[in-house]
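Chemist: In the working numbering, the protein residues as written are 4 to 145.
There's a structure below that I have some questions on.
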């Protein structure tokens with residue numbers, strides 16, 4: 004998944020049926036193979052109210068890397084109605100086999116507030132990639 008925006012990208016909340024706004028690249032449950040990564044470039048990025056950017060494996064295979072470059076700011080804020088965090092995730096899920104390729108975020112200012120998260124994790128069989136954050140100005144709330 005490759006997204007390039009000259010101004011801003013905003014992912015906010017969930018639909019009336021509870022589906023979160025999201026950008027996903029996944030190996031589905033029962034599937035075998037690798038998922039591609041997510042690369043997002045913009046001036047600013049907002050992920051709020053339970054929305055997420057997620058590269059993960061729920062089957063057999065590696066998840067792609069998440070690479071975000073937002074020249075001005077990245078804002079991750081809040082949770083959805085069930086308490087699931089807004090954020091950026093790279094995961095090997097329970098029952099899955101494979102490696103997560105990690106997260107790289109570059110920005111001027113990064114805000115992570117009100118239960119939001121940046122996380123690379125495994126609850127399955129596999130290794131977790133690194134989380135690398137470069138903020139040239141500040142990282143309040145972290």
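Built from N, CA and C at the ideal position, the CB exists for glycine as well.
Does the structure place the segment 120–134 close enough to the segment 83–102 that three or more beta carbon pairs sit under 8 Å?
Modeler: At 8 Å Cβ cutoff, the stretches touch.
Chemist: Is residue 24 closer than 8 Å to residue 10 when the C-beta atoms are compared?
Modeler: Going by C-beta atoms, residue 10 is not nearer than 8 Å to residue 24.
Chemist: Could you tell me whether the Cβ atoms of residue 19 and residue 55 are closer together than 8 Å?
Modeler: No, the Cβ-Cβ distance between residue 19 and residue 55 is not below 8 Å.
Chemist: Assuming residue 93 contacts residue 105 (C-beta within less than 8 Å), just tell me the rounded distance between them.
Modeler: 5 Å between Cβ atoms; contact.
Chemist: How big is the Cα-Cα spacing for residue 47 and residue 115?
Modeler: Using only the alpha carbons, I get a separation of about 14 Å.
Chemist: So, for residue 120: in the same chain, excluding its five sequence neighbours on each side, which residues have a beta-carbon less than 6 Å away from its beta-carbon?
Modeler: Result list for residue 120: 88, 90, in chain order.
Chemist: Is residue 140 buried or exposed, if buried means 16 or more other CB atoms sit within 10 Å of its CB?
Modeler: With fewer than 16 other Cβ atoms within 10 Å, it is exposed.
Chemist: To the nearest whole angstrom, what separates the beta carbons of residue 111 and residue 83, a pair I think is in contact under 8 Å?
Modeler: Actually they do not touch by this definition, with Cβ atoms about 27 Å apart.
Chemist: Taking 8 Å as the cut-off, decide whether the C-beta atoms of residue 39 and residue 67 are in contact.
Modeler: In this structure, residue 67 lies closer than 8 Å to residue 39 by Cβ.
Chemist: What does the alpha-carbon distance come out to for the pair residue 30 and residue 96?
Modeler: If I take the Cα positions, the gap works out to 10 Å.
Chemist: Starting from the Cα of residue 12, find the closest Cα among 61, 78, 59, 33 and give me that residue.
Modeler: Of 61, 78, 59, 33, the residue nearest in Cα terms is 78.
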